[in-house]
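All remarks here apply to the structure that follows.
Numbering (the numbering used here), first residue to last: 1152 to 1444.
Below, the structure written as structure tokens:
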């Protein structure tokens, strides 16, 4: 019997995962707020649905990829939301990067409705997801994880179990805050190098092959060198700002101060506020170029 998976969202990451799962023989039902994103998936065999509730009917698993708490709350709990139609026992896999507080709230709501819940944010870019190289950061009951493992393994290179629901999100938020720090720091390197007249490509190559290189910073370098933030967008400035904000919110819950993370968050919030939110994260360099020392 074919396993049916309902998808809430068809953005870059979700579409890549749907494409991979379709290639493995899974039946996919999918809803997305912007219906034009569904056409390429339907051509590959996915079933387009009119509402989140429609997307989860007759599914054994439901996977959600939403931008933030507000969007996730809408698809699960809003009018025609997934929880209006999801059958008890269906495993809900939340891959969105959400606030820790909302993940815990959602886990409790799911538990009250006998919906096994997996907190499963991911680290990967869409091309990796499409190739089945997703890294899942899991917070879930171990028995629930084992039930979902065949689906996760169909698209995963790693499945890392941190503990109960919420623990995967804790790691993901701090991981993404570190990414914000790295990108903000390398933007400062490139801004100084460019202002001082160094060769941008040489500086970028030296950094990318040096001891301090990091994945997020290196990925942002080509855009900073070319000052082109419209192409090859894997992750936007606004999404990085959102994740950094959720990480700082988590720190406040734990009564911790994160001054370095807060500084990086401020950089991304400012870049988003002045119009770079929909562009690649490399756009943060433009905020430095336009400010006096």
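We put the CB at the ideal spot given by N, CA and C, even for glycine.
- What residues are listed by DSSP as bridge partners for residue 1388? DSSP, once it has assigned bridges, lists no residue as partnering residue 1388.
Quiz item: Got a sec? Which residues, its chain only, sit under 6 angstroms from residue 1239 by beta carbon, not counting five neighbours each side?
Solution: 1265
Am I right that residue 1305 and residue 1173 are in contact with their C-beta atoms under 8 angstroms? What's the rounded C-beta distance? Between residue 1173 and residue 1305 the Cβ distance is about 11 angstroms, and since that is not below 8 angstroms, they are no contact.
(Q) So, for residue 1340: in the same chain, excluding its five sequence neighbours on each side, which residues have a beta-carbon less than 8 angstroms away from its beta-carbon? (A) 1354 and 1358
Nonlocal neighbours in the same chain, by C-beta distance under 7 angstroms from residue 1196, ignoring five residues either side: 1173
Problem set entry | Buried versus exposed, by CB contacts within 10 Å (16 or more), residue 1343 | exposed
Q.
With distance defined between alpha-carbon atoms, name the residue in 1401, 1182 and 1257 nearest to residue 1271.
A. 1257
**Message:** Less than 7 angstroms between C-beta atoms, sequence neighbours within five positions excluded: which residues of the same chain meet that for residue 1275?
**Reply:** 1284, 1285 and 1286
*Between the C-alpha atoms of residue 1382 and residue 1390, what's the straight-line distance to the nearest angstrom?*
16 angstroms
Q.
Please classify residue 1190 as buried or exposed, where buried requires at least 16 other C-beta atoms within 10 Å of its C-beta.
A. exposed
Review point. Can you find at least 3 beta carbon pairs, one from the region 1248-1257 and one from the region 1392-1405, that sit closer than 8 angstroms?
Key: yes
Who are the near neighbours of residue 1497 in its chain, counting only those whose CB is closer than 7 angstroms to its CB and skipping five residues on each side? What is shown of the chain runs 1152 to 1444, which leaves residue 1497 out entirely.
Ignoring anything shorter than 4 residues, give me the alpha helix (DSSP H) runs that lie fully in the region 1187-1251, in order along the chain. 1190-1194, 1203-1206 and 1220-1228
Q: With a 10 Å radius around its C-beta and 16 neighbouring C-beta atoms as the bar for buried, classify residue 1414 as buried or exposed.
A: exposed
ask   = Name the DSSP beta bridge partners of residue 1286, please?
value = 1274 and 1309
Locate the alpha helix (DSSP H) running through residue 1113, then write down its first and last residues. What the structure shows of the chain is the stretch from 1152 to 1444, and residue 1113 is not part of that stretch, so it cannot be assessed.
**Message:** Between which two residues does the alpha helix (DSSP H) holding residue 1180 run?
**Reply:** That residue, residue 1180, is in no alpha helix (DSSP H); its beta strand (DSSP E) goes 1178-1182.
- [ ] Would you mind working out which of 1280, 1294 and 1316 sits nearest residue 1166, comparing C-alpha positions?
- [x] 1280
Which of helix, strand or coil DSSP assigns to residue 1347: coil
- Query: Of all the options 1263, 1331 and 1372, which has the alpha carbon lying nearest to the alpha carbon of residue 1420?
  - Reply: 1331
Which residues bound the beta strand (DSSP E) around residue 1159? 1155-1159
- Pull up the distance between the alpha-carbon of residue 1223 and that of residue 1179, whole angstroms please. 19 angstroms
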